[in-house]
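For the sequence shown, this note's numbering assigns the number 2 to the initial residue and increments by one for each residue that follows.
Each residue gets a CB set at the ideal place from its N, CA and C atoms; glycine is no exception.
Please read the structure below before turning to the comments.
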Amino acid sequence: MDESATYPQKGEENKSSTTDLSTKGNILTNNQDASLTDMADIDLLMIGKTGNGKSALGNAILRRRAFNCTCSNSTITKKIAFEFCEFNGLVIKVVDSPPPYDVGMDYKRATKHFIKAMQYALTANPRGYHAFLLVIKFGQRFTADDQDTIAVLKKTFGESFVKNYCILVMTNGDLYEIDSEETGLTFQEWCAMQIGFLSELFNECDGRIVLFNNNSKDEFKQIDQLTKLIEIVNNLISRGNRYKDANFSQAQCSREKLMVQAKIPFLKETFLKETCLISNALHNIDCTVDHNAKMDKLNEILNKVKLLFNKISEEDKGTGALHEMINDIREMNNLIQDKIKHSQGVLEKEHKN
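Next comes the structure, spelled out in structure tokens:
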């Protein structure tokens with residue numbers, strides 16, 4: 002596990018280069034002397050959940066084994082990795098990225114690590130990316146976890162990134178071929194039959210979806226699926242837009258909220274402990290007959306509530322992610338204020354008498 006994977010600071014990308022444009026037939030091979038900023042005709046950034054075949058897709062595009070892709074958790078992509086290939090006269094840069102959730106990390110650390118990696122992927126490639134390849138898997142149920150992953154990606158890259166920059170790449174094409182022999186459905190017909198969130202995702206990316214068999218040894222099939230992908234990429238290129246660091250910067254607020262949400266389980270533990278202690282103290286105070294002593298204790302607890310409010314508000318950073326905790330603290334504050342007013346009223350009556 003490499004939770005603290007380090008990336009060069011902005012402006013230092015060329016110092017940590019990993020790729021040289023030396024050719025091997027039609028394939029450009031990996032070496033030690035270039036950077037993410039090397040010129041390519043097409044720049045692609047692969048994103049997706051662990052187990053969906055993201056790194057294997059990269060190998061299928063390159064038509065050689067370059068990215069690590071086994072079932073072992075130890076080989077899950079931890080850092081940004083990139084390779085080049087040449088296809089039909091085009092130089093294609095394929096960038097692999099860590100998954101939004103790394104099974105070897107807790108949610109908070111994995112989120113921080115993912116955002117840091119994406120920041121590097123954008124700053125190290127200032128020309129931007131023609132397309133995000135959002136990797137999903139044929140034959141696998143689209144669960145709430147998958148929906149959460151898409152939500153995290155939108156908070157990371159911006160709400161409209163699927164609509165404007167994503168191509169859905171569905172792996173497990175070999176399983177589809179087996180399935181289609183029984184159903185007789187073309188891939189387009191199968192896509193049109195989908196319902197629920199998957200159908201919404203198809204529509205959101207304007208039908209930009211391509212099927213890939215990462216394991217195919219058939220050269221014709223390899224070329225055919227890659228040709229279809231490049232055709233879709235070219236349609237995006239014709240719009241004249243790349244996803245750049247400036248787009249990433251515009252999504253800063255949503256990423257800050259995502260980071261705060263990642264801390265909620267840890268903050269809740271502190272919150273529940275503090276509020277439980279405060280509630281117990283209030284219960285004990287209610288049993289106190291002396292209102293002068295009660296007032297002193299209530300003011301003491303009120304100060305603790307204010308400190309808790311300030312702490313949670315500071316952690317929230319204005320994102321609204323912790324609004325439920327903040328509202329609960331406000332209610333507790335109001336309750337204590339009411340108790341103080343009540344004791345003040347009792348003391349004033351006693352003083353008059």
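Asked                                                                                                           : Found
Entirely enclosed alpha helix (DSSP H) segments - the stretch 214-260, minimum 4 residues                       : 220-238 and 246-251
Among F68, L91, E87 and D146, nearest to I81 - alpha-carbon criterion                                           : F68
CB-CB length for V170 against L134, believed under 8 angstroms                                                  : 5 angstroms
Classification of Q226 by the beta-carbon crowding that lies within 10 angstroms, buried from 16 upward         : buried
From F85, N60, R64 and K55, residue whose alpha carbon lies closest to that of D44                              : F85
Three-state secondary structure (DSSP) of L135                                                                  : strand
Inter-stretch contact (C-beta, 8 angstroms, three-pair minimum) for the stretch 318-326 and the stretch 255-266 : yes
Per-residue DSSP class, three states only, for C86                                                              : strand
Segment limits, beta strand (DSSP E) that includes K94                                                          : L91 to D97
Close Cβ partners of T289 (< 8 angstroms) along its chain, the five nearest in sequence each way excluded       : K295 and K298
M106: first and last residue of the uninterrupted beta strand (DSSP E) it sits in                               : Counting along the chain, M106 falls outside any beta strand (DSSP E), and DSSP gives it neither H nor E.
Length of the line joining the Cα atoms of I286 and E270                                                        : 24 angstroms
Complete alpha helix (DSSP H) runs within the stretch 116-162 (minimum length 4 residues, chain order)          : 145-158
Cβ shell of I341 (< 6 angstroms), same chain only, five flanking positions each side left out                   : L299
For T289, three-class secondary structure by DSSP                                                               : coil
Environment of A61 [buried if 16+ CB atoms lie within 10 Å]                                                     : buried
Limits of the unbroken beta strand (DSSP E) element including T172                                              : C167 to T172
Where the alpha helix (DSSP H) through G197 begins and ends                                                     : G197 to E205
Proximity below 8 angstroms, CB of G174 to CB of F139                                                           : yes
Beta-carbon proximity list for N214, same chain, < 6 angstroms, skipping 5 on both sides                        : G174 and D175
Backbone CA spacing between L278 and N334 [nearest angstrom]                                                    : 14 angstroms
DSSP bridge partner residues for D44 (one or two, in chain order)                                               : K94
Straight-line Cα distance separating K274 from G268                                                             : One detail in the question is off: residue 268 reads as Leu in this sequence, not Gly. Rounded to whole angstroms, L268 to K274 spans 10 angstroms at the Cα level.
Separation of A132 from Q148, as counted between CA atoms                                                       : 20 angstroms
Helix, strand or coil at K210 according to DSSP, with G and I counted as helix                                  : For clarity, residue 210 is Ile in the given sequence; the question names Lys instead. Residue state, collapsed to three classes: strand.
Beta-carbon proximity list for A263, same chain, < 6 angstroms, skipping 5 on both sides                        : Y108, K109 and T112
Cutoff 8 angstroms; reference L348; Cβ partners in own chain excluding five residues on either side             : H292, N293 and M296
Unbroken stretches of the alpha helix (DSSP H), 4 residues or longer, contained in the stretch 260-339          : 292-317
DSSP three-state assignment for G49, whether helix, strand or coil                                              : strand
Three-state secondary structure assigned by DSSP to I341                                                        : helix
Collapsed DSSP secondary structure at N69 in the structure displayed                                            : coil
Nearest residue (CA-CA) to Y102, options E183, I151, P266 and Q195                                              : I151
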